[in-house]
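Below you'll find the structure, written out as structure tokens, and then a few comments.
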Amino acid sequence: MRDTDPSGDLPLILLEWYDVHARAMPWRTPPADRAAGVRPDPYRIWLSEVMLQQTTVATVRDYFQRFTARWPTVVDLAAAADADVMGEWAGLGYYARARNLLKCARAVVAEHDGQFPADHAALLQLPGIGPYTAAAVSSIAFDLPFTVLDGNVERVMARLYDIHTPLPAAKPDLMTRAEVLTPAIRPGDYAQAVMDLGATICTPKSPACGICPWRDPCLARRNGTAAELPKKTPKKPKPIRHGTVYLGQRADGAWLLETRPDKGLLGGMLGWPGTDWINADTPRPTGTPPASADWQPLAGEVRHTFTHFHLMLTVIHAPLPAEADPKRGHFVAPDNFRPSDLPTVMRKAYDLLR
DNA sequence: TAAACGTGGGG
DNA sequence: TCCCCAAGTTT
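Following this note's numbering, the numbering of the first sequence begins with 210 at its first residue and continues without gaps.
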């Protein structure tokens with residue numbers, strides 16, 4: 210019976226699987242605790258969800274621990290200095306998330322009395338909270354019946370219903386299917402269960418269909434198409450860009466750094482002064498250094514790949530005179546300089562000099 | 001709608 | 001080495 214008309218039992222089957230197989234995570238309230246009445250902390254759910262955007266669980270763990278140790282509540286985070294939050298986020302990527310994280314924390318304090326609203330529409334109005342995160346916080350933190358649609362859920366739905374429309378065009382259809390399945394009971398556990406299923410069983414390559422709790426109703430498994438779903442529109446090739454950064458250090462050890470403008474690539478992050486990064490097949494002549502000094506290029510170069518281009522970075526360094534008055538940037542005393550405050554591409558330039 | 005926006009790990 | 005991928009949002 211369930212083979213031919215399984216729709217009514219699908220959510221229940223997955224929740225039973227989740228009760229046994231839920232992965233432990235620092236921000237997660239296990240299903241047993243949740244059943245005993247333990248409520249998740251909306252601050253920690255929100256923080257983890259923002260960190261998890263386009264980022265693996267393994268990468269997020271350490272950042273989450275450091276953030277919650279340093280800023281235990283949203284009120285603490287709202288009071289933090291911008292540079293401290295950006296420095297703590299360094300290396301996680303997609304730095305607009307960190308800028309919006311602070312804006313959101315301050316909005317929660319200013320507009321919601323320091324408490325995240327248990328209201329999907331209100332959450333959606335906050336900076337950095339889009340359709341996914343609003344649904345995730347609503348369901349996981351407040352157990353409201355909203356449906357998350359992330360990469361995992363898209364993949365699971367595409368396979369469960371054998372949908373061959375390529376992403377992102379298929380999203381509305383996948384969302385409708387996901388919404389129909391979302392149960393009125395335990396929507397928070399259910400949301401995490403579908404994502405866990407996608408992360409551990411219904412994986413992008415070689416899915417473990419044999420041990421999947423939804424193996425019987427899954428149409429793609431029945432049709433042998435699971436491994437090729439979801440279809441995606443082809444990606445555009447990445448061009449190569451070239452640029453130069455200037456690593457200047459005074460005799461007292463202070464480094465010449467700049468805080469990048471809030472908009473654009475690495476916005477709001479600490480970095481080395483340098484040239485624009487220009488599309489080219491070969492390196493460009495170096496630009497104008499931030500201060501007069503005996504600049505010398507380093508052997509080798511920094512290679513780094515961003516979302517939409519490859520970068521070849523020439524690194525130039527110089528000792529700076531004590532009276533140097535740079536046109537750009539500011540000096541950071543060695544006691545205040547943490548290489549870990551730099552975004553990865555800038556840290557690579559520092560590592561090349563070391 | 002499409003492009004911009006990071007990084008590290010796995011195959 | 002290279003390509004794909006990860007619990008997306010903003011413009």
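In this text, a Cβ means the ideal position worked out from N, Cα and C, and glycines have one as well.
Item, Value
"Spatial neighbours of residue 432 in its chain, beta-carbon cut-off 6 Å, leaving aside the 5 residues before and after", "371"
"Proximity of residue 251 and residue 314 at Cβ, strictly below 8 Å", "no"
"Beta-carbon proximity list for residue 235, same chain, < 7 Å, skipping 5 on both sides", "270, 273 and 274"
"Within the stretch 359-403, ranges of the alpha helix (DSSP H) (whole runs, at least 4 residues)", "360-369 and 380-390"
"Cut-off 8 Å between Cβ atoms - residues of its own chain near residue 316, not counting five sequence neighbours on either side", "335 and 336"
"DSSP beta-bridge partners of residue 506", "525"
"Three-state secondary structure assigned by DSSP to residue 476", "coil"
"CB-CB length for residue 562 against residue 456, believed under 8 Å", "5 Å"
"At least three beta-carbon pairs within less than 8 Å, the stretch 495-510 to the stretch 471-478", "no"
"Strand pairing of residue 569, partner residues [DSSP]", "What the structure shows of the chain is the stretch from 210 to 563, and residue 569 is not part of that stretch, so it cannot be assessed."
"Distance CB(residue 369)-CB(residue 439) smaller than 8 Å", "no"
"Any 3 or more C-beta pairs closer than 8 Å across the stretch 532-548 and the stretch 512-521", "no"
"Strand pairing of residue 495, partner residues [DSSP]", "DSSP output for residue 495 lists no bridge partner at all."
"Limits of the alpha helix (DSSP H) - the one that residue 274 falls within", "266-279"
"Residue 545, buried or exposed, once every other Cβ within 10 Å from all chains shown has been counted against 16", "exposed"
"Alpha-carbon spacing of residue 284 relative to residue 322, whole angstroms", "9 Å"
"Backbone CA spacing between residue 331 and residue 523 [nearest angstrom]", "46 Å"
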